[in-house]
Amino acid sequence: EAQVTQNPRYLITVTGKKLTVTCSQNMNHEYMSWYRQDPGLGLRQIYYSMNVEVTDKGDVPEGYKVSRKEKRNFPLILESPSPNQTSLYFCASSSHDRRAEQYFGPGTRLTVT
Amino acid sequence: KNQVEQSPQSLIILEGKNCTLQCNYTVSPFSNLRWYKQDTGRGPVSLTIMTFSENTKSNGRYTATLDADTKQSSLHITASQLSDSASYICVVTTSGGSYIPTFGRGTSLIVHP
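So this is what it looks like as C-alpha cells:
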C-alpha cells in the first residue's frame, strides 16, 4: 500500500531535549516536505527536499533541521525544542511534477512543556 | 507576498444540502491550485487540482472551479453527507523558483443530520 508513515504519532517532551520525528515513504517520490499546523494558522511549510542530499527552507524553518540521506526517509530534528514548537506536524511526499498529488502522513502531535 | 484567503471560515449545513466554499489568491506566478479535505486529526487528502488552463474539475460530488483572471476558485459540494464534515483547504503553487505551496487557513464544514 502506498503510504507516508510518521513516528511517533504522539510525543510529549520537555524544553531543550533533542528529538527526531521520522518520516518514510514507499512511493519512490523525489519530493518530501514537513509542515506544521496550528489552530487558526493553517499548514505552514518548515523544510522541503527535492531529492537526496537536497534540502531547502520553507516558510518557518527556525528551530528545525532536516536531512535526506536516503530517498525514502526525511527526518525532522528539533535540537532544542521550545514550547512554541508545540504543534501538529505533517510529512508529505510527491513526485517532481508540480501537478503531482502530494501524499500526507498521519501527523505527529508534539507537546513541549 | 503570496497569500491564499478562504471564506467562510466555518459553515454549518444540513445533510443533503449543497454548499460552496471560496478561495481567493494572490500567488504569482501561478502553477496550479488544489483543494484538500482534512478530517480532524488526519493528514489532508487531495480532492482536485487545476492548472491555469482548466476552469472546472470534478471529483464525485465535489466540483472545483477556477477563474485565473480574477484569481478566484470555488469548491461546490453537492448533496452533502455527514462524512463531508471536515476542513477544506485551498493550496496554490507557483510555477517558478522554490517549490513552496501557499496554503489557505481552511473552511471548517459541519454537516448536521
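Sequence order for the protein chains is W and A. Sequential numbering from 100 applies to the first sequence in the working numbering. Sequential numbering from 5 applies to the second sequence in the working numbering. Note that the Cβ used here is the ideal one computed from N, Cα and C, for glycine as well.
The region 38-66 of chain A: which residues have C-beta closer than 9 Å to a C-beta of chain W, in chain order?
-> Cβ contacts with chain W come from R38, Y40, Q42, G45, R46, G47, P48, V49, S50, I53 and T55.
Using a cut-off of 7 Å between C-beta atoms, extract the partners of D137 of chain W located in chain A.
-> Going along chain A, no residue has its Cβ under 7 Å from D137 of chain W, so there is no contact; the nearest lies around 10 Å.
Of the residues W:S193, W:E200, W:L110 and W:T104, the one placed nearest T185 of chain W, counting alpha carbons only = W:L110
Which runs of the alpha helix (DSSP H), 4 residues or longer, sit entirely within the region 100-131 of chain W?
-> none
Three-state secondary structure assigned by DSSP to D88 of chain A | helix
Taking only runs of the beta strand (DSSP E) that begin and end inside the region 51-90 of chain A, which ones reach a length of at least 3 residues, in chain order?
-> 60-63, 66-71 and 76-81
7 Å Cβ cut-off: residues of chain A touching P205 of chain W = R46 and G47
Length of the line joining the Cα atoms of K168 of chain W and L187 of chain W | 24 Å
Spatial neighbours of T74 of chain A in its chain, beta-carbon cut-off 7 Å, leaving aside the 5 residues before and after = Hits under 7 Å: none found.
Would you kindly work out how many angstroms separate the C-alpha atoms of Q201 of chain W and H116 of chain A, rounded to a whole number?
-> Per the coordinates, the alpha-carbon of Q201 of chain W lies some 30 Å from the alpha-carbon of H116 of chain A.
Taking Cβ positions only, does N22 of chain A come closer than 8 Å to chain W?
-> no
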